[in-house]
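Residue numbers (the numbering used here): 22 to 171.
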């Protein structure tokens, strides 16, 4: 068995707004909630000042603001689709006769218990689908695998 730890680059900063709004709609959120979320995100801009020269405003088309009280919940809803895909595709394992477990996530920190070499292809495909849909990018330098057992 192997424990795979996934790290996504600038996880909160890379969520595409169009993906976020589709996810919110898919969970059955009402139009008022989605419209409020859009107002929070759309129209947001940033400006930069370098050596006294002002650049911007530039529109922000992706990101869930980490300072926003709703950011963790919005990010979790976006990541949940990725986790659900893994949940459907990977076989269950049992640890000390508890309910089946193979996947643990906290915020943008994802751990996967890999029981077969074939699981890596499933995980890789799920990552690629999630990256294309959401704008997320896996950080291979910070993602690790730890062999457990014989």
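Using N, Cα and C, we set each Cβ at its ideal position, and we do this for glycine too.
For residue i, report the span of its beta strand (DSSP E) as first-last.
i	result
residue 28	23-28
residue 70	66-71
residue 78	74-80
When the Cα atoms are used, what is the spatial distance from residue i to residue j?
i	j	result
residue 130	residue 69	30 Å
residue 154	residue 170	35 Å
residue 62	residue 29	21 Å
residue 100	residue 149	13 Å
residue 156	residue 97	15 Å
residue 159	residue 165	11 Å
residue 112	residue 65	42 Å
residue 26	residue 36	20 Å
residue 137	residue 49	35 Å
residue 47	residue 151	15 Å
Since residue i and residue j should fall inside the 8 Å C-beta cutoff, what is the C-beta to C-beta distance between them, to a whole number of angstroms?
i	j	result
residue 67	residue 51	About 30 Å separates the two Cβ atoms, so there is no contact after all.
residue 107	residue 124	6 Å
residue 82	residue 38	6 Å
How about residue i and residue j: are their beta carbons less than 9 Å apart?
i	j	result
residue 104	residue 45	no
residue 24	residue 134	yes
residue 42	residue 59	yes
residue 128	residue 93	yes
residue 168	residue 22	yes
Run through DSSP, which three-state label would residue i get?
i	result
residue 143	helix
residue 31	coil
residue 126	strand
residue 169	coil
residue 132	strand
residue 49	coil
residue 154	helix
So the alpha helix (DSSP H) residue i belongs to, where does it begin and stop?
i	result
residue 110	92-110
residue 53	52-62
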